[in-house]
Each structure stands twice: as structure tokens, then as C-alpha cells.
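A.B. asks: Just so we're aligned, residue 7 is where the sequence shown starts under this note's numbering, counting upward by one.
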Amino acid sequence: MRRFSAAIAITAGTLFLLELQPARAFTCTGTLGAASGTTDANDVQDLVCGVNAAATGIQDVAVGSGASATSDYATAVGASASATGLQSLAVGFGSSAQGNNSIAIGTGTGTAGALGTLAVATGYQALASGYGNVAYGASAVASGLGASAYGFQSSAAGGSSVALGSQATSSGLRSTAMGFFSRATGQESIAIGAGLNATQAAYSAGSGSIAIGNRAAAGGTDANGFNNAGNTAIGQRALAGSSASGITNATALGNSASAQANNALALGASASATAANAVALGMGSLADVANTVSVGALGSERRIVNVADGTIASGSSDAATAGQLYTANQRVAAAFGTTLDGSGQLVAPSYTIQGTAYNNVGSAFGAVDSWMTATSTSLTSLQTQVSGSSGLVQQDATTRIITVGAATDGTVVDVSGTSGNRTVTGVANGAVTSTSTDAVNGSQLYATNQQVAANTSDIANLSTVVAGLGGSGTGSNYIRANGTGPAASATGANAAAIGSRSNASGADALAFGTNAQATQSGAIAMGLNSASTGTNAIAIGTGALATGSVAVGAAATASNGGAAFGDGTTATGTNSAALGTNASATAANSVAIGSGSTNTVANTVSFGSAGNERRLTNVAAGINQTDAVNVGQLQSIASGFQSQIGGLQNQITDNQREARRGIVAAVAVAPVLMPSAAGKTTVAVNTGYYRGETGVGIGISHRLNFAVPTVLYGSYSNGGGAEHIGRAGMAVEF
Numbered sequence: 007m008r009r010f011s012a013a014i015a016i017t018a019g020t021l022f023l024l025e026l027q028p029a030r031a032f033t034c035t036g037t038l039g040a041a042s043g044t045t046d047a048n049d050v051q052d053l054v055c056g057v058n059a060a061a062t063g064i065q066d067v068a069v070g071s072g073a074s075a076t077s078d079y080a081t082a083v084g085a086s087a088s089a090t091g092l093q094s095l096a097v098g099f100g101s102s103a104q105g106n107n108s109i110a111i112g113t114g115t116g117t118a119g120a121l122g123t124l125a126v127a128t129g130y131q132a133l134a135s136g137y138g139n140v141a142y143g144a145s146a147v148a149s150g151l152g153a154s155a156y157g158f159q160s161s162a163a164g165g166s167s168v169a170l171g172s173q174a175t176s177s178g179l180r181s182t183a184m185g186f187f188s189r190a191t192g193q194e195s196i197a198i199g200a201g202l203n204a205t206q207a208a209y210s211a212g213s214g215s216i217a218i219g220n221r222a223a224a225g226g227t228d229a230n231g232f233n234n235a236g237n238t239a240i241g242q243r244a245l246a247g248s249s250a251s252g253i254t255n256a257t258a259l260g261n262s263a264s265a266q267a268n269n270a271l272a273l274g275a276s277a278s279a280t281a282a283n284a285v286a287l288g289m290g291s292l293a294d295v296a297n298t299v300s301v302g303a304l305g306s307e308r309r310i311v312n313v314a315d316g317t318i319a320s321g322s323s324d325a326a327t328a329g330q331l332y333t334a335n336q337r338v339a340a341a342f343g344t345t346l347d348g349s350g351q352l353v354a355p356s357y358t359i360q361g362t363a364y365n366n367v368g369s370a371f372g373a374v375d376s377w378m379t380a381t382s383t384s385l386t387s388l389q390t391q392v393s394g395s396s397g398l399v400q401q402d403a404t405t406r407i408i409t410v411g412a413a414t415d416g417t418v419v420d421v422s423g424t425s426g427n428r429t430v431t432g433v434a435n436g437a438v439t440s441t442s443t444d445a446v447n448g449s450q451l452y453a454t455n456q457q458v459a460a461n462t463s464d465i466a467n468l469s470t471v472v473a474g475l476g477g478s479g480t481g482s483n484y485i486r487a488n489g490t491g492p493a494a495s496a497t498g499a500n501a502a503a504i505g506s507r508s509n510a511s512g513a514d515a516l517a518f519g520t521n522a523q524a525t526q527s528g529a530i531a532m533g534l535n536s537a538s539t540g541t542n543a544i545a546i547g548t549g550a551l552a553t554g555s556v557a558v559g560a561a562a563t564a565s566n567g568g569a570a571f572g573d574g575t576t577a578t579g580t581n582s583a584a585l586g587t588n589a590s591a592t593a594a595n596s597v598a599i600g601s602g603s604t605n606t607v608a609n610t611v612s613f614g615s616a617g618n619e620r621r622l623t624n625v626a627a628g629i630n631q632t633d634a635v636n637v638g639q640l641q642s643i644a645s646g647f648q649s650q651i652g653g654l655q656n657q658i659t660d661n662q663r664e665a666r667r668g669i670v671a672a673v674a675v676a677p678v679l680m681p682s683a684a685g686k687t688t689v690a691v692n693t694g695y696y697r698g699e700t701g702v703g704i705g706i707s708h709r710l711n712f713a714v715p716t717v718l719y720g721s722y723s724n725g726g727g728a729e730h731i732g733r734a735g736m737a738v739e740f
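#1: Along the beta strand (DSSP E) that carries Ala545, what are the first and last residues, could you check?
#2: Entirely within the segment 522-583 and at least 3 residues each: give me those beta strand (DSSP E) ranges in chain order.
#3: Could you have a look at Glu699 and say whether DSSP puts it in helix, strand or coil?
#4: Quick check: the Cα distance between Gly617 and Gln641, rounded to an integer number of angstroms?
#5: Sort Gly350, Tyr332 and Asn366 by Cα distance to Gly343 and report the nearest one.
#6: By DSSP, does Ala499 sit in helix, in strand, or in coil?
#7: Would you tell me roughly how many angstroms separate the C-alpha atoms of Ala85 and Ser149, rounded to the nearest one?
#8: Our contact map puts Ala211 next to Thr191 with C-beta atoms below 8 Å; I'd like the distance itself, whole angstroms only.
#9: Cβ of Ala531 within 8 Å of Cβ of Ala513?
#10: By a C-beta neighbour count over all protein chains shown, 10 Å radius and 16 as the cutoff for buried, is Glu699 buried or exposed?
#11: Apart from the five residues on each side of it in sequence, which residues of its chain come closer than 8 Å, Cβ to Cβ, to Ala684?
#12: Put Ile216 into one of helix, strand or coil per three-state DSSP.
#13: Under a Cβ-count criterion, where at least 16 other Cβ atoms within 10 Å of its own Cβ denotes burial, should Val126 be classed as buried or exposed?
#14: Thinking C-beta only, is Val678 closer than 8 Å to Ser721?
#15: With a threshold of 16 other CB atoms inside 10 Å of the CB of Phe740, please say whether the residue is buried or exposed.
#16: The beta strand (DSSP E) that contains Val83, what's its start and end?
#17: Between Gly165, Ala146, Gln131 and Ser160, which lies nearest to Gly138 when the distance is taken from Cα to Cα?
#18: Would you grab the beta carbon distance between Ala608 and Ser596 for me? Rounded to a whole angstrom, and I think it's under 8 Å.
#19: For Val611, write down the residues that DSSP places opposite it in a beta bridge.
#20: Whole beta strand (DSSP E) runs in the segment 249-285 with 3 or more residues, listed along the chain?
#21: For Thr191, report the span of its beta strand (DSSP E) as first-last.
#22: Measure the alpha-carbon distance for Gly199 versus Ala239 and round it to whole angstroms.
#23: Rank Gly214, Gly705 and Val299 by C-alpha distance to the C-alpha of Ala529 and give the top, closest one.
#24: For Arg621, which three-state DSSP category applies?
#25: Can the beta-carbon of Phe371 be found closer than 8 Å to that of Asn455?
#26: Classify Ala363: buried if its beta carbon has 16 or more other beta carbons within 10 angstroms, exposed otherwise.
#27: Comparing alpha-carbon positions, which option in Val558, Asn297 and Val168 lies nearest Asn269?
#28: Measuring only the C-alpha atoms, how far is Gln351 from Ala340?
#29: What are the uninterrupted segments assigned as beta strand (DSSP E) that are 3 or more residues long and contained completely in the segment 704-740, given in chain order?
#30: Should Gln242 and Ser262 be called a contact, given that it needs their Cβ atoms to be closer than 8 Å?
#31: Which whole-angstrom value is the C-beta distance of Ala728 and Ile704, which I expect to be below 8 Å?
#32: Measure the C-alpha to C-alpha separation of Val311 and Asn237 and round it to an integer number of angstroms.
#33: Please list the segments of the alpha helix (DSSP H) lying wholly inside the segment 83-159, counting only runs of 4 or more residues, in order along the chain.
#34: Is it the case that the Cβ atoms of Ala286 and Ala277 are separated by a distance below 8 Å?
#35: For Val458, I'd like the list of residues in its chain whose CB is within less than 6 Å of its CB, leaving aside the five on either flank, ordered along the chain.
#36: Would you call the CB atoms of Arg308 and Val301 closer than 8 Å?
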């Protein structure tokens, strides 16, 4: 917009009429521009607008004070904007696009910098310094080769890393951090989860570690700085390999789950596995002994139901079922000549010894012991009566072996007397074998009695356990298993598979669910028919498919480094993200947010689809240069802008009226007439009209009585208002 001013000057002999001049110079240089001011354009196809602006390449554009476009086909728009890379674009005060085909968009006291080839930096002080890097958001920094940072103060320092979210950090090679304050510092680590501050967000430190959930930590914490590899923590406050240095391949799944030992697995809310190769299954379960599986904790034990019969063989490590233990009880009962009651307990046996009935094994063996003692006493007495070399009882002089009735017939030895039965004492321990005919003594029978009692107690306890195992219709409401389908397979090193036909063939892979497939190193597949086929891929949900990506939700599909969250979501574009049921992001670096949202354009964010657009509601008023503005702010700006336009229009109208009045005042200036004789005076009156304005003027001249005709004159005119013109002078005729 140009302003014009009118000037009035009265000098002796000189008349200054209306002077029109621009209040400020505007410079534009190019094929269609007028070349003036301080600019520098080296090519006829360059366009340069602004003081000290410069365009030195082919078909460059430099617009703004101090703007500079120094490479071919470069564009710099904004004060001090600089585009030095081939086909680069810099928009905003102090923005800088240095890499070939780079884009830098940002305004403010800082700078937005796109330093790498094909780099894109958008936002106040955003910086993309590597080849193909993307930095989107105020103070966002993408410094690793091929890194992408999206969000306020987000940082992607690792090569091919992705940081998505305000102050998210991905410093590990090929790492991914998603969520406010989330951090992925390990190589190929994943951190997904937001927090109110750095201590509440997801933290993934070790190589190949995965942390998903608020305050989830895998491989270390911000406080201890550990960098343990291959750990996975999924769930709010889930912790895996974060308590000590050197913990690897720990897995914690569930809110507050904790796995703090090598190859430990904690599955379930508040489950804890603290020993190497230990597995804790179920809410609150504790596995603190190495190489064990725990399904509960002290005071919170659980039954395991629907267990198939284990193999009963030497060396077998299979778990036995209640049915198998019941069969074993039956065999023990048969061995003791008794049966089992309805609860599987041994029915007390009944034995008759020397005409007396005994209803337990201990009493029966006690009676036998008494009888044997009496027999021993009788034999001793008999020995005193019979010499060692004659009679029924004889002793060999060489071997010292004593025989009884060796030379006579008869099959019964009776040592009872007139006072009743006798005790046989001093009996040595007899050999207890399948072919032995040795007599056993009281101590042997006592030991046997004690063992039988212990066995009876153990069997009773075992029967209680067996009864507690129950059938498939009983048990905990939290963990059940039914092994009727094909077996699971875990062939990868440190892999785990749970579910019929589940397959964990990749190293450190996890497959949970019927037909779940985790076929690559570090892959996780959870859910019916889920498949995780890429290295460190995560597929969670029925039919979820992740190829080197993260897919969470039934029928969710993700590939090419994409992330899909929600049932039926698709994220197949390179480094794309889809959030919401049936959301789809198929273009590179695209984001689709909301149920049914689609995005087929690279490097864009979609909140809906054609015909199903969404409004962004409850948007706070923007404050910083890169903040989003709401409708209220736009209406306020429009109202202010309208007021400014109205004021400017009034000013233009006043300037136009002032200019027209000045012109008509000049038109109305009366002519100077020479009086016919000395001493005479002439008066002339004049009027003028121009574009609605009327002016009036008067002129007076007086001829002096000189030999040479001399006239003094003066005139005055007015075009209306304060627009006055006056002149005075002297004229001589010769």
C-alpha cells in the first residue's frame, strides 16, 4: 500500500505546485518486475523482492528482507530466509534449507533448518540434519541418518529412528519412540506410551528392547542408566530387565508386571519373575526360583486344570494329573491290601496276627514285632538247653553257623511254652530282597512301619492335592488350559510358545494364542491367528499381522516400519501410523487418526476420510508460532483485520480527497495580467473543478511607473479544506 502527501512552498520567483511521492520504496526484480532498490538477481528468470534480497541461481525466488536463494531452483520466503540447497525451499523468518531438495518451514526468533539432502524441517527451531530426515514440530530435531521426529521438542538421533510425540526421544539405531516423553535409547528398541513427565513415559534402553505402556521400562531406567538388550515390557508400569545391569531377554506383559532376570517371563497384572528362566503366569504370581513356572504366590495359590496325562517313565519330566495320582493311590492300596474311599484316601487296612485283628499297618507290624521277640526269647532259651553240636540246634565248628532242625523234617518251628508265646531276641537284620528267606527283626519292622506311616501321610496329602486339581470345569477364573489341540512349537533360541499350533521359531520370539506365529528374531505374536513375521515385529490381537512393524488390534496389519493400533487398522506405508478402528495409512510417513480415517498421501496427517471429515474440537488457543489456532482466534483475527482494513480505507479516502483538492487548487490559480499603463492594477478571479472537488483562485498585478514596464503580482487559490496555493513575483517587459 502506498501513501501520498501534498506539499506547499512559496518562494520569491518560484512556484511549487502539488508534490506526490511514495512514503516507502517497494522493490521487486525479475522479468516482470521493476528493477530498483538494493537487490541482486543474476538470472532473468529470478524473482527477488525485498531489501538486500539475493537470488544467484537459475529460476530462484527470494522474497523478504535479506532473503537469499543461492542454488538453482531454490526458494527463500521470509526475512533472512536462506535456501542454499538445489531445489530447496525455506519459508519463515531465519529459516534455512541447506540440503538438496530440502524443505525448511518455520518462523520466530530461532531458525528452522533442513541441512540434509531430501530433508524436511517444519516448525519453530525445527532441525533435520541428515539425508532424508524429517523434523515436524517446534524444536523438533532429526539428526540420525533417515530419522523422523514428529512433535514439540521431539528428538530422533538414531539412524532410521522414529520419535512421535511431544518430547519423544529415539536415540538408538532403528529405534521407535511413540508418546509424550517416551524414550527409545537402545538399538532397534521400541518405546510406546505417554506420561506426564520423563519418569512416567515408556522407556526402552537395551538393544532390541520393547516398552509399551505408561511408565513401562525395558532394559533400564532413566535413573540407573542400564542398557540391557532384548527385553520386552508391555503394560502400564511394566518392567523388564530394568533393575540390574546385564539382564537380557526378560519379558513382562501386563500392568505392573516385572521380569528382572535373564530369560524371565512375567505374564499378568503385577506378575513378577525374579529368577533366571523363571515364568510367572497370572495376576500377582511370583516366580523367584530359577527354571520354575509359578501360577500364584504364597497364600494365593492356583490350581492348574485341563492338564493332559504326563508320560510315566524313568527320566520323564512331564507333570502328572490327578487321574494319574489316583491310579497310583489304587496301586499302593492294593499293595497294602486295602482300597480307596470316595475322596481318594486310603481305607485303613485290617490284618489278623496271632488271632488278633489290627486296623493299621503300624499296629500290625507292632504285633509281628512282639511275636518275633517272643520267638527270639524262646530260641535263646532253647539254645541254652541244646549243645551246639547235637540235637535240633547245631553249630558248625568252622563256620560257626547255627542250624535248627537241619537234619530233621518238619516245616514249622514253634517256640511257645506253657506260659504262652515267646520272644525271639538278638535277631540280626535280615536281607530284604525278592529272594530272601531271612527273618526280619523288630528294628527293621519298626523302620518299615515308620516308612509306611510316612507313605500313608504323603499319600493322603497327595490325594488332597489330586482332589484339589479337579476337572476341566473347576479352577481359577484367571488361568485355564485345555490341551486337546495340536502342540505348540518353540524352536528359536530363548523362544516361548503358548497355545495350540502356536509357533515361535525366531530367536527370543514369543507366540501366545492358537496358531500364533512369531517367525523372526525378537518377534511377538499374541492372539488367535496372529502373525509377526519381521524382526522385532509385534502383532497383538486376533488375526493381527506385523511385518517388521507394530500391529495391535484384531485384524490389524502393519508393514514397512508402520504402526497400526485398533481393530482392522492398516499401516503399510513406510513409517506410517494408523490409530483407530479400520483406520488406514498406506503412504510413506502418513498418519491416519480416528475410526475409519484414511491417508494415501505421503507426509500428511488425516483425521477422517472423503465424506467423513472430522472437526478438531476443544482446541485451546494457540500461543507459540507453531501452535494450532481455533475458530475463536481466527474470528478475532478476522475482526481485527476487518477493523484495520476499514481504518486503512478511511486513510486512503482522506489521501485521495487531499490529492484531488491539491490538484483542483492548482487548476484554480488565476492568471497574471499585465496592466495597460503604469500605476494601474488588474485583478483576475478563476475557478476549477476536478473529480468532485471545486477550487477558487484570485490573482492581483500592479504595474510600476518605471521606464521599463515592471509588474508586481501575487495569487492565491484554495481547493477546499487545508489545501492552499499561493505565489508572488515580479515581471519585467523589455
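Ideal Cβ placement from N, Cα and C applies to all residues, glycine included.
On a predicted model such as this, the values are computed, not experimentally measured, just so you know.
C.D. replies: Put simply:
#1: Ile544 to Ile546
#2: 530-532, 544-546, 551-553, 556-558, 563-565 and 569-571
#3: strand
#4: 26 Å
#5: Asn366
#6: coil
#7: 26 Å
#8: 5 Å
#9: no
#10: buried
#11: Arg709, Leu710, Asn711, Phe712 and Pro715
#12: strand
#13: buried
#14: yes
#15: exposed
#16: Thr81 to Val83
#17: Gly165
#18: 6 Å
#19: Val597
#20: 257-259 and 271-273
#21: Unbroken run through Thr191: none, as it is neither H nor E.
#22: 11 Å
#23: Gly214
#24: coil
#25: yes
#26: exposed
#27: Asn297
#28: 13 Å
#29: 716-724 and 730-738
#30: yes
#31: Actually they do not touch by this definition, with Cβ atoms about 18 Å apart.
#32: 30 Å
#33: none
#34: yes
#35: Val367
#36: yes
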